[in-house]
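Enquirer: Quick mapping for you: the protein sequence lines, in order, are chains A and B.
In this text, residue positions in the first sequence follow numbering that gives the first Met the number 0: the first is 0, and each later residue adds one.
In this text, residue positions in the second sequence follow numbering that gives the first Met the number 0: the first is 0, and each later residue adds one.
2 protein chains.
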Amino acid sequence: MDSAVVSVIGEDFPQEYLDLLTDRNINIEGVEIVEGGKTFFWSGKYHNDMNSRDTLETQLNVLADFNPIVPENYKDAEIVMLGNLHPLVQLSVLEQMSVKPKLAVLDTMNFWMDCALDDLLKVIAKVDVITINDEEARQLSGEYSLVRAAKKIAKMGPKFVVIKKGEHGALLFNDDHVFFAPALPLEEVFDPTGAGDTFAGGFTGYIASTNDISFENMKRAIVHGSNLASFAVEKFGVERMIGLTKDKVNSRLKRFQELTQFDIDLH
Amino acid sequence: MDSAVVSVIGEDFPQEYLDLLTDRNINIEGVEIVEGGKTFFWSGKYHNDMNSRDTLETQLNVLADFNPIVPENYKDAEIVMLGNLHPLVQLSVLEQMSVKPKLAVLDTMNFWMDCALDDLLKVIAKVDVITINDEEARQLSGEYSLVRAAKKIAKMGPKFVVIKKGEHGALLFNDDHVFFAPALPLEEVFDPTGAGDTFAGGFTGYIASTNDISFENMKRAIVHGSNLASFAVEKFGVERMIGLTKDKVNSRLKRFQELTQFDIDLH
């Protein structure tokens with residue numbers, strides 16, 4: 000699978016983290032390094048339930064003026080994942096594509112609903128899948144019921160609506176179909192930062208690697224995303240992800256199967 | 000399946016509700032009607048999320064002096080479900096059994112942890128299954144993680160620990176095995192009162208009707224309990240349950256399958 004990252008970092012960004020990408024054959028031509036710049040920085044404090052948090056500090060730094068440039072060789076990418084940034088940045092990436100992607104996935108958050116709703120609605124109208132958390136789905140739709148919220152959001156554009164509920168799992172809506180995957184119950188959640196990103200990456204990565212955008216395959220992608228997120232929260236930052244092997248991933252997928260699969264004969 | 004209810008009501012209890020039981024061949028010999036007494040009464044107000052509520056009024060009435068008498072013919076019942084009442088009332092039922100039941104299921108709540116913990120621990124030590132909600136599991140165990148909470152509670156006696164998470168589903172723990180069933184995502188939750196009781200009844204009723212206490216069958220029982228609870232919340236009181244048919248129940252079970260079942264090849 001040929002994939003690339005488009006992003007921006009400062010000179011302070013550790014080379015070893017870039018190596019994590021190139022070691023895995025991920026193209027980083029599209030990662031701009033701003034001379035003398037500082038990388039985006041966030042710190043926060045999680046509440047006891049690990050599902051809510053307070054931001055202590057956000058420094059946009061080089062992200063403030065990010066102008067994403069999609070590398071020439073990736074302008075015909077079939078699968079595009081738009082990470083959680085200003086909707087105009089997300090739109091700019093879509094506009095640079097020479098061919099309409101087979102699947103465009105959008106991640107966003109309440110911050111953009113508060114300060115850039117019109118732009119956000121424009122990009123939402125152009126994507127196939129949106130991933131969003133439960134509170135944000137409620138805010139965006141004005142509906143408390145997640146079933147109704149998903150229906151309203153689907154009317155804004157995306158055929159597939161993924162609602163992330165943190166430790167309570169994730170829902171995938173498509174027309175009248177619903178699929179649900181729980182989060183793996185863990186003894187300890189060490190650091191939930193990035194769990195949603197890991198989920199979105201695992202979800203989209205699985206679809207890209209299988210090149211199948213059917214609902215059945217998206218169900219598998221939801222399970223793969225949840226599975227990877229269950230690792231991400233066990234250590235700080237990307238620490239847990241670095242040592243992952245296919246065996247470890249598969250053996251935890253088996254736990255997902257045991258957790259959710261049952262056999263009821265309805266005849 | 001031969002089953003009976005042991006309970007207490009006042010003279011104000013509507014005959015038509017008793018008929019609902021006898022019409023379904025449920026023995027009500029053990030339902031004591033206190034002359035001149037008033038039935039237990041509760042009213043409350045649900046918050047917007049329908050997962051939390053404030054009690055407006057609780058009148059224990061005839062429940063205050065309830066002395067349960069298990070009918071002679073049911074003292075050898077194989078499956079016993081102890082509803083959420085004072086642990087001494089629950090213990091008294093167990094002590095009246097002439098044969099140790101194949102499976103005893105206990106439902107309880109935080110109220111008894113606050114005011115009758117010692118008695119509660121005694122009855123917990125004697126049962127095979129406990130059903131309890133997430134906050135109560137945390138209170139009883141002193142552990143935030145539900146995985147750890149379930150392990151601690153299992154050490155108190157019950158081989159099977161069921162943790163109910165309301166709209167976020169239910170977990171079944173048994174040794175190192177975990178199973179999870181989500182609540183069916185609904186457009187509208189009308190009245191969640193009794194959802195937990197419906198779940199416990201559906202869970203235990205399924206085990207009784209199949210006479211199989213294996214973990215595999217308990218998974219099915221969890222799904223059946225969740226399925227029935229999803230009906231219960233759609234109307235006020237038992238209204239939605241009264242009109243239920245096997246077809247309606249089965250067609251919703253199919254929705255549970257679609258909601259949760261996936262197919263990942265790990266080889």
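Glycine included, C-beta positions come from ideal geometry on N, C-alpha and C.
For clarity, every value in this text was computed on a predicted model and none was experimentally measured.
Can you give, in chain order, each stretch of the beta strand (DSSP E) that sits fully within the stretch 49–124 of chain A and has at least 3 residues?
Expert: List check, beta strand (DSSP E) in window: 52–58, 78–81, 102–106.
Enquirer: Work out the CA separation of residue 108/A and residue 53/A for me, nearest whole Å.
Expert: So the two alpha carbons sit approximately 15 Å from each other.
Enquirer: Of all Cβ atoms in chain B, is any one closer than 8 Å to the Cβ of residue 243/A?
Expert: Cβ-Cβ to chain B under 8 Å: no for residue 243/A.
Enquirer: Starting from residue 251/B, find everything on chain A with Cβ-Cβ shorter than 7 Å and list it in chain order.
Expert: Neighbours of residue 251/B on chain A: none; closest Cβ ~11 Å, over 7 Å.
Enquirer: Where do the N-terminal and C-terminal ends of the beta strand (DSSP E) with residue 160/A fall, by residue?
Expert: Start and end: 159–163.
Enquirer: Can you tell me whether residue 13/A is buried or exposed? The criterion is at least 16 other CB atoms within 10 Å of its CB, across all chains shown.
Expert: Exposed: under 16 other Cβ atoms inside 10 Å.
Enquirer: Could you work out which residue in 24/B, 121/B, 182/B, 88/B is closest to residue 232/B when comparing CA atoms only?
Expert: For the residues 24/B, 121/B, 182/B, 88/B, the minimum Cα distance to residue 232/B belongs to 182/B.
Enquirer: Give me, in chain order, the residues of the same chain whose beta-carbon lies closer than 7 Å to that of residue 219/A; leave out the 5 immediate sequence neighbours on both sides.
Expert: Contacts found: 205.
Enquirer: How long is the line joining the alpha carbons of residue 89/B and residue 175/B, rounded to whole angstroms?
Expert: Rounded to whole angstroms, residue 89/B to residue 175/B spans 28 Å at the Cα level.
Enquirer: Do residue 104/B and residue 199/B have their C-beta atoms closer together than 8 Å?
Expert: Yes. Within cutoff.
Enquirer: Using Cβ-Cβ distances below 8 Å, what residues of the stretch 155–176 of chain A are close to chain B?
Expert: The stretch 155–176 of chain A vs chain B, Cβ under 8 Å: 164, 167, 168, 170, 176.
Enquirer: Helix, strand or coil: how does DSSP classify residue 19/A here?
Expert: Looking at residue 19/A - three-state DSSP - the assignment turns out to be helix.
Enquirer: If we count the other Cβ atoms within 10 Å of its Cβ and call it buried at 16 or more, is residue 94/B buried or exposed?
Expert: Exposed.
Enquirer: Since residue 156/A contacts residue 131/A with CB under 8 Å, what's their CB separation in whole angstroms?
Expert: The pair is not a contact, with the Cβ atoms about 13 Å apart (cut-off 8 Å).
Enquirer: Please decide whether residue 218/A counts as near chain B, where near means a Cβ-Cβ distance under 8 Å.
Expert: Yes, contact with chain B.
Enquirer: Would you say residue 26/A reaches chain B, if we count a Cβ-Cβ gap shorter than 8 Å as a contact?
Expert: Residue 26/A does not count as touching chain B.
Enquirer: For a contact meaning CB atoms closer than 9 Å, what does residue 14/B contact in chain A?
Expert: Per Cβ cutoff of 9 Å: no residues; residue 14/B is ~36 Å from chain A at best.
Enquirer: Whose CA, out of 249/A, 252/A, 227/A, 251/A, lies closest to the CA of residue 241/A?
Expert: Measuring from the Cα of residue 241/A, the nearest candidate turns out to be 227/A.
Enquirer: Taking residue 27/B as part of the alpha helix (DSSP H), name the residues at either end of that continuous run.
Expert: Per DSSP, residue 27/B belongs to no alpha helix (DSSP H) and is neither H nor E.
Enquirer: Name the residue from 215/B, 101/B, 118/B, 147/B whose alpha carbon lies nearest to the alpha carbon of residue 207/B.
Expert: Here the closest residue by C-alpha is 101/B.
Enquirer: Just list the residues that DSSP pairs residue 44/B with in beta bridges.
Expert: According to DSSP, residue 44/B bridges with 53/B.
Enquirer: Pick out whichever of 5/B, 24/B, 42/B, 9/B has its Cα sitting closest to the Cα of residue 30/B.
Expert: For the residues 5/B, 24/B, 42/B, 9/B, the minimum Cα distance to residue 30/B belongs to 5/B.
Enquirer: Out of 75/B, 21/B, 191/B, which has the shortest C-alpha to C-alpha gap to residue 46/B?
Expert: When each option's Cα is compared against that of residue 46/B, the closest is 191/B.
Enquirer: Name the chain A residues whose beta carbon is nearer than 9 Å to that of residue 144/B?
Expert: 184, 185, 186, 187, 188, listed in chain order.
Enquirer: Could you tell me which of 211/A, 68/A, 63/A, 224/A sits nearest to residue 77/A, measuring between CA atoms?
Expert: Residue 211/A is the option with its Cα nearest to residue 77/A.
Enquirer: Would you please state the rounded distance, in angstroms, between the beta carbons of residue 161/B and residue 169/B? I believe it to be under 8 Å.
Expert: Indeed, because the Cβ distance is near 6 Å, the residues count as touching under 8 Å.
Enquirer: Taking Cβ positions only, does residue 259/B come closer than 8 Å to chain A?
Expert: For residue 259/B, the answer is yes, since a Cβ of chain A falls inside 8 Å of its Cβ.
Enquirer: List, in order along the chain, the chain B residues whose C-beta lies closer than 8 Å to that of residue 179/A?
Expert: The contacting residues are 181, 184, 258, 259.
Enquirer: Using alpha carbons as the reference points, say which of 255/A, 17/A, 261/A, 87/A lies closest to residue 255/B.
Expert: Looking at the Cα atoms, 261/A is the closest of the given residues.
Enquirer: What is the rounded straight-line gap between the Cα of residue 253/B and the Cα of residue 216/A?
Expert: When rounded, the distance between both Cα atoms is 19 Å.
Enquirer: Which residues in the same chain as residue 115/A place their Cβ atom closer than 7 Å to its Cβ, once the five residues preceding and following it in sequence are excluded?
Expert: These residues qualify, in order along the chain: 85, 86.
Enquirer: Hey, could you find the ends of the beta strand (DSSP E) residue 180/B is sitting in?
Expert: From DSSP, the beta strand (DSSP E) with residue 180/B extends over 176–180.
Enquirer: Contact defined as beta carbons within less than 8 Å: I believe residue 69/B pairs with residue 92/B. What is the distance between those atoms, to the nearest angstrom?
Expert: That belief holds up - the Cβ atoms of residue 69/B and residue 92/B are roughly 6 Å apart, short of 8 Å.
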